[in-house]
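**Q** Heads up: the sequence lines are chains A and B, in that order. According to my numbering, numbering within the first sequence proceeds without interruption in unit steps and concludes at 111. According to my numbering, numbering within the second sequence proceeds without interruption in unit steps and concludes at 222. We treat Cβ as the ideally placed atom computed from N, Cα and C, and that holds for glycine. Values in this document were obtained by computation on a predicted structure and should not be read as measured data.
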Amino acid sequence: EAAVTQSPRNKVAVTGGKVTLSCNQTNNHNNMYWYRQDTGHGLRLIHYSYGAGSTEKGDIPDGYKASRPSQENFSLILELATPSQTSVYFCASVQGIYEQYFGPGTRLTVL
Amino acid sequence: QEKVQQSPESLIVPEGAMSSLNCTFSNSASQSIWWYQQHPGKGPEALISIFSNGNKKEGRLTVYLNRASLHVSLHIRDSQPSDSAVYLCAVTGTGGYKVVFGSGTRLLVSP
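Here it is in structure tokens:
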């Protein structure tokens with residue numbers, strides 16, 4: 001069964017601090033995505049990747065970096081966290097145009 | 112950039128009734144349309160997809176796609192309280208990699 005895991009599940013960070021959100025998939029999918037979900041905005045794409053070593057900017061990349069060191073792992077990095085980045089973050093994997101498999105989400109609070 | 116809009120924002124139906132959700136998108140060449148279900152505190156899960164004009168039925172779910180009017184709808188027959196969730200419409204762009212989500216419809220099925 002397709003599986004996507006995220007860590008941590010909850011994170012409280014201070015303004016200006018560095019935050020790394022991790023995602024692991026065992027689906028052997030090429031494409032992986034990072035979204036944030038806020039009330040009234042639905043899911044918004046931050047960064048995505050076609051495969052190991054590749055990262056692409058999504059619709060709202062400012063303030064975020066991404067890293068795809070392997071097929072299985074995709075990280076989202078907030079170098080200088082700000083309160084506006086308080087949100088729920090979801091990672092997903094997909095093969096082509098088929099269904100995306102989502103992780104359980106990470107709730108990030110920046111104080 | 113692809114735009115996806117969903118209506119209504121929220122919907123309340125009695126148990127056993129038909130639930131009808133709508134989604135409009137901006138690019139008739141979009142490759143695929145997916146509907147996802149999201150329960151509180153969980154990641155979205157794929158329900159049903161459609162690629163070609165017409166309709167598709169799976170169990171209690173029926174989806175209709177009209178590319179000329181840039182409209183897709185999801186209908187849930189015999190709605191159950193367990194169907195209460197947020198439903199997200201997702202459209203895959205012509206490149207096949209980037210997916211744009213609507214802001215969702217919150218469905219409440221009252222017993």
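With respect to the beta strand (DSSP E) encompassing Thr106 (chain A), which residues constitute its N-terminal and C-terminal limits?
**A** Thr106 to Val110
**Q** Is it buried or exposed, Ala92 (chain A), if we count other Cβ atoms within 10 angstroms and call 16 or more buried?
**A** buried
**Q** Measure the CB-CB distance between Ile187 (chain B) and Leu199 (chain B) and report whether it falls below 8 angstroms.
**A** No, the Cβ-Cβ distance between Ile187 (chain B) and Leu199 (chain B) is not below 8 angstroms.
**Q** What separation, rounded to the nearest whole angstrom, lies between the Cα atoms of Gln71 (chain A) and Ile123 (chain B)?
**A** Taking C-alpha positions only, Gln71 (chain A) is separated from Ile123 (chain B) by approximately 42 angstroms.
**Q** Give a yes or no on whether the minimum CB-CB distance between Val210 (chain B) and chain A is below 8 angstroms.
**A** Answer yes: the Cβ-Cβ gap between Val210 (chain B) and chain A drops below 8 angstroms somewhere.
**Q** Just list the beta strand (DSSP E) runs in the segment 53–96 of chain A, keeping only unbroken ones of 3 residues or longer that don't cross its boundaries, in chain order.
**A** Counting whole runs of 3 or more residues, the segment 53–96 of chain A contains the beta strand (DSSP E) stretches 65–67, 73–78 and 87–94.
**Q** With burial defined as no fewer than 16 other Cβ atoms inside 10 Å of the residue's Cβ, what is the status of Tyr33 (chain A): buried or exposed?
**A** buried
**Q** Would you verify that the beta carbon of Lys296 (chain B) is, or is not, closer than 8 angstroms to some beta carbon of chain A?
**A** Given a span of 112 to 222 for chain B in the structure shown, any question on residue 296 (chain B) remains unanswerable.
**Q** Have a look at B:Pro155, B:Leu185 and B:Tyr147 and flag the residue whose alpha-carbon is nearest the alpha-carbon of Gly165 (chain B).
**A** B:Leu185
**Q** So, under 8 angstroms CB-CB, Val197 (chain B) and Val211 (chain B) are touching, yes? Tell me the CB distance rounded to an integer number of Å.
**A** Val197 (chain B) to Val211 (chain B), Cβ: 16 angstroms. No contact.
**Q** Checking 8 angstroms against the spacing of the C-beta atoms, do Tyr48 (chain A) and Tyr208 (chain B) come in under that value?
**A** Their beta carbons are under 8 angstroms apart, which means Tyr48 (chain A) touches Tyr208 (chain B) by this criterion.
**Q** Are three or more beta carbon pairs between the segment 20–30 of chain A and the segment 78–96 of chain A nearer than 8 angstroms?
**A** With the cut-off at 8 angstroms, the segment 20–30 of chain A and the segment 78–96 of chain A touch.
**Q** In this structure, how does DSSP classify Asp189 (chain B) when only helix, strand and coil are distinguished?
**A** coil
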